[in-house]
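Participant: In this text, residue positions in the sequence shown follow full-length UniProt numbering: the first is 1, and each later residue adds one.
We put the beta carbon where it would ideally sit given N, CA and C, even for glycine.
Let me give you the structure first, and then I'll get to my questions.
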Amino acid sequence: MDIRIERLDEQDINRFSDLVNTVFDRFVGPDYSDAGNRTFKEYTDPARMVQRLRAGGDFFAAWDGETLAGALEIRDQDHVSLFFVDERYHGRGVGRKLFSYYTGLLRREHPGIRQVTVNSSLYAEPVYAALGFEKTGEAMERDGIRFIPMEYNL
């Protein structure tokens, strides 16, 4: 396995959306209400993702050859809005490599930013903790999305 990390090309947005939604449906969606699932699906609609990408959004992809193994979307340079790894790559360091790539880029391009935040799903909390994130509050719900606020100190 030779993972390479790149900024996402617009032509790959459908693959990005498919990966995110497949992993969400398997691991996260079952814990959400119907409203939460709708909110998530609206956010991850490929047309809306293209709009965010064209508006300067940061999308990163982890590739294993031609296979999309991981997907990361960052909002406002310092907030993880989407972070998913294909189930076949869980536990193989793909997420860590993807996040490390992003934090390295952040340190070079935005040295004044000292923290990265995420609203973690309940499922992903231990994954973020393993990356070095710490809880900053208790679990809450917004628009049907259940999450735990967390932050990572650079």
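1. Going by beta carbon distance, what residues of the same chain come within less than 7 angstroms of Met1, once the five residues before and after it are set aside?
2. According to DSSP, simplified to helix, strand and coil, what is Phe124?
3. In whole angstroms, what is the alpha-carbon distance linking Arg107 and Ile113?
4. Within 10 angstroms of the Cβ of Thr44, are there 16 or more other Cβ atoms? Answer buried if so, exposed if not.
5. Give the C-beta separation of Val116 and Val80 to the nearest angstrom, bearing in mind that I take them to be a contact with Cβ-Cβ under 8 angstroms.
6. Have a look at Asp143 and Asn37 and give me their C-alpha separation to the nearest angstrom.
7. Where do the ends of the alpha helix (DSSP H) carrying Gly70 lie?
8. Taking just the CA atoms, how far does Pro46 sit from residue 156?
9. Does Met49 come out as helix, strand or coil in the three-state DSSP assignment?
10. If you follow the beta strand (DSSP E) that Leu82 is in, where does it begin and where does it stop?
11. Assign Pro111 to one of three DSSP states: helix, strand, or coil.
Facilitator: Taking the geometry as given:
1. Asp64, Arg92
2. Just to set this straight, residue 124 is Ala in the shown sequence, not Phe. Coil.
3. 8 angstroms
4. buried
5. 6 angstroms
6. 9 angstroms
7. Not the alpha helix (DSSP H): Gly70 falls in the beta strand (DSSP E), residues 67-75.
8. Since the displayed the chain opens at 1 and closes at 154, residue 156 lies outside it and no answer follows.
9. helix
10. 79-85
11. coil
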